[in-house]
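Here the structure comes first, spelled out in structure tokens, and everything after it is commentary.
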Amino acid sequence: MKKLNLEIKYPQNYIIEKPVTGAFILFVFILGFTIIYQPLEAQKSQWFNFEITIFLYSFITSFTAWLTIILLKKVRFFSGTNNWSILKELIAVYLVLQVMGIAIFLAGFIFESSTEVSRWNFTTFFDSCKYSFLIGILPFAFFTAKNYRHRFQKSESFELRNNNKEEDEILININSNLKKESLTFRANEFLFVTSDGNYAIFYLYRNNEIKKVSIRNSISKIEKQLSEFPNFFRCHRAFIVNINKVVTKKGNALGYLLNIANCDIKVPVSRQKVKIFDSLLNKTTH
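Count along the sequence shown starting at 1, add 92, and that's the number in my numbering.
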């Protein structure tokens, strides 16, 4: 039996990734669900009618969710999306729902009518948390399930593209931060460039072999100098790749690893660049 690997990389839940929008989604869902279905014996408060009471409860719980997510993102374990995993997803969702339950419990002291039996007991606290989990889990589960398809890696192969021979023969000159240094190559020789500290390292395919040439410059300045070539794409903060030289891509919505023609080094495509990369790649392959 295959064991579930909770450390596997997983897309971050949208509600956690976008706290403001996520809190609004929670607010609308909780408000609509509770007013329409009136579950869990929901009642009006001593101060307001039923609809306003539910509106206030929904606002408090969604605001609490937003605040909890913001605080979680300041914790190193939950910061960033690149190393997000199923385990982090489960823990984060549990903590958010738990704090929402605590907020419901405390809000009840304000909204609900006083009775002979005090609310300050474990049963009432447990009920508040139970209601939070039963309703709040639904939008979280929706986005977690929606991301499930991204677990699976896909691999695609491509033929080398040579759509414009005249453009491929264009000489490109790259300026350096050092006045006496520059680099010139033909467009069809360029495979990719990567940053290494204060230097950019160019990988060129020239005379049937790979040539590595370093030049003192930042990847951002290199990107500007290559901006007139649409097939030279900044696929990662540290890489610019010649899309025409991509022979295979492997990965999913979390990012790709590219195999480049005549080169053993794999070039990454960051999660944020996946959609743009796919769009550009489709234009060159069709």
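Don't be surprised by glycine CBs; every beta carbon is placed ideally from N, CA and C.
None of these values were measured; they are calculated from a predicted model.
In terms of alpha-carbon separation, which member of the options lies closest to residue i?
| i | options | result |
| --- | --- | --- |
| Val366 | Leu346, Glu143, Asn351, Ile357 | Leu346 |
| Gly343 | Ala353, Arg363, Ile335 | Arg363 |
| Leu98 | Asn354, Asn175, Phe225 | Asn175 |
| Ala369 | Ile311, Ile332, Glu261 | Residue identity check: residue 369 is Phe in the sequence provided, not Ala. Closest by alpha carbon: Ile332. |
| Leu226 | Phe201, Tyr240, Leu189, Phe217 | Leu189 |
| Cys355 | Lys166, Phe282, Cys221 | Phe282 |
| Phe234 | Ser312, Ile293, Leu118 | Leu118 |
| Leu198 | Ser224, Tyr186, Thr173, Ser177 | Ser224 |
Does DSSP classify residue i as helix, strand or coil?
| i | result |
| --- | --- |
| Ile144 | helix |
| Asn374 | helix |
| Ala292 | strand |
| Ser310 | coil |
| Cys51 | With the chain running from 93 to 378 in the structure shown, residue 51 is simply not present. |
| Met93 | Only weak support is given to the placement of Met93: the predicted model assigns it a pLDDT of 46, under 50, and the question is left unresolved by the model. |
| Gly193 | helix |
| Pro111 | helix |
| Tyr102 | coil |
Is the CB-CB distance between residue i and residue j below 9 Å?
| i | j | result |
| --- | --- | --- |
| Leu159 | Ala184 | no |
| Asn309 | Tyr291 | yes |
| Tyr297 | Glu181 | no |
| Ile236 | Asn105 | The displayed chain sequence assigns Thr, not Ile, to residue 236. Contact flag set, yes. |
| Ile352 | Val338 | yes |
| Ala279 | Ile293 | no |
| Ala115 | Ile152 | no |
| Thr173 | Ile146 | no |
Please classify residue i as buried or exposed, where buried requires at least 16 other C-beta atoms within 10 Å of its C-beta.
| i | result |
| --- | --- |
| Trp212 | exposed |
| Pro231 | buried |
| Ile335 | buried |
| Ile266 | buried |
| Thr215 | exposed |
| Ser154 | buried |
| Val167 | exposed |
| Val191 | buried |
| Thr156 | buried |
Thinking residue i and residue j are a contact (beta carbons under 8 Å), I'd like their distance in whole angstroms, please.
| i | j | result |
| --- | --- | --- |
| Cys221 | Gly200 | That pair is no contact at about 12 Å. |
| Glu315 | Arg326 | 5 Å |
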